[in-house]
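Residue numbers (my numbering): 5 to 234.
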């Protein structure tokens, strides 16, 4: 059975744009304010430890009372909106994605950023054919909900490769039968506190076995276009 890769599915934060460190600082401030029993650094560790999920799910896992979840999630999204207005991908990231497109591959995005946030990022339309975002009303998000939408569009599991920097995301898509490619991540290495926490979390976990795949570049026509928001 012919099952060549047709679609490369990217994570956004920490993979396409450098936002994770700043998100972590915003989130830890909100979490520490809601859970006054923990210090800001512990709130930061809990946020990083649960990364890859929607912020609402992170708050619940961290132990924020349910009655505070919606308020904190709304405040987090508002701060992210302001931040994302000033963030764009590096020229290197743009070139790597465009190489895939010139090779005839489709590119898509899978993010747990809310659709109301993602719709403001006009530059995405030059890089991705499809965007899959988080719609709280529909319960859409990374993993099975996003994969089902791609399957409905005619893609097969064996034709999709997911690219991301979060172990949680990589394991989620691998369990769903999708090949994955781990990236180092784009978050800035100038925050020593975050770097130390990530090293501690990595040491605490167990080694992951991931199937890696890298698409080769073949020159071909570029096919940019507006992103259909699914």
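The beta-carbon is built from N, C-alpha and C at its ideal position, and this holds for glycine as well. In this text, all values refer to a predicted model and were calculated from it rather than measured experimentally.
Residue i to residue j span [Cα, whole Å]
i	j	result
residue 80	residue 89	15 Å
residue 220	residue 107	Caution applies to residue 220, whose pLDDT of 29 falls short of 50 and renders its modelled position unreliable; the value that the coordinates give is listed next. Near 8 Å, if we compare the C-alpha coordinates of residue 107 and residue 220.
residue 184	residue 10	14 Å
residue 87	residue 163	34 Å
residue 226	residue 156	Caution is warranted here: a pLDDT of 30 is assigned to residue 226, below 50, making its placement in the model unreliable, and no coordinate value can be reported.
residue 60	residue 74	7 Å
residue 3	residue 34	The question about residue 3 has no answer, for the chain in this structure spans 5 to 234.
residue 110	residue 20	16 Å
residue 6	residue 161	12 Å
residue 133	residue 101	11 Å
residue 194	residue 97	Here residue 194 scores only 48 on pLDDT, less than 50, and its place in the model should not be relied on; the value that follows carries that caveat. Using only the alpha carbons, I get a separation of about 20 Å.
residue 94	residue 122	18 Å
residue 125	residue 182	27 Å
residue 187	residue 176	15 Å
residue 103	residue 142	34 Å
residue 68	residue 203	25 Å
residue 105	residue 144	26 Å
residue 131	residue 159	19 Å
residue 78	residue 66	17 Å
residue 174	residue 116	14 Å
residue 85	residue 120	9 Å
residue 207	residue 62	21 Å
Whether residue i touches residue j by CB criterion (8 Å)
i	j	result
residue 72	residue 114	no
residue 25	residue 170	no
residue 28	residue 48	yes
residue 118	residue 150	no
residue 83	residue 30	yes
residue 50	residue 172	no
residue 180	residue 153	no
Span of the alpha helix (DSSP H), counted from its first residue to its last, around residue i
i	result
residue 85	70 to 88
residue 35	24 to 38
residue 101	95 to 106
residue 8	Here residue 8 belongs to no alpha helix (DSSP H), and DSSP marks it neither H nor E.
residue 66	59 to 66
residue 48	44 to 53
Delimiting residues of the beta strand (DSSP E) encompassing residue i
i	result
residue 118	110 to 118
CB-CB length for residue i against residue j, believed under 8 Å
i	j	result
residue 32	residue 44	6 Å
residue 36	residue 76	Not confirmed; about 11 Å, so no contact.
residue 46	residue 205	13 Å between Cβ atoms; not a contact.
residue 22	residue 168	Not confirmed; about 14 Å, so no contact.
Distance cut-off 7 Å: residue i Cβ against heavy atoms of the ligand MN
i	result
residue 81	With respect to small molecules bound, the structure shown includes none, and the ligand MN cannot be examined in it.
Starting from the N-terminal side, write out each stretch of the alpha helix (DSSP H) that is 4 residues or longer and does not extend beyond the stretch 126 to 185. Qualifying alpha helix (DSSP H) stretches, in chain order: 148 to 156, 171 to 179.
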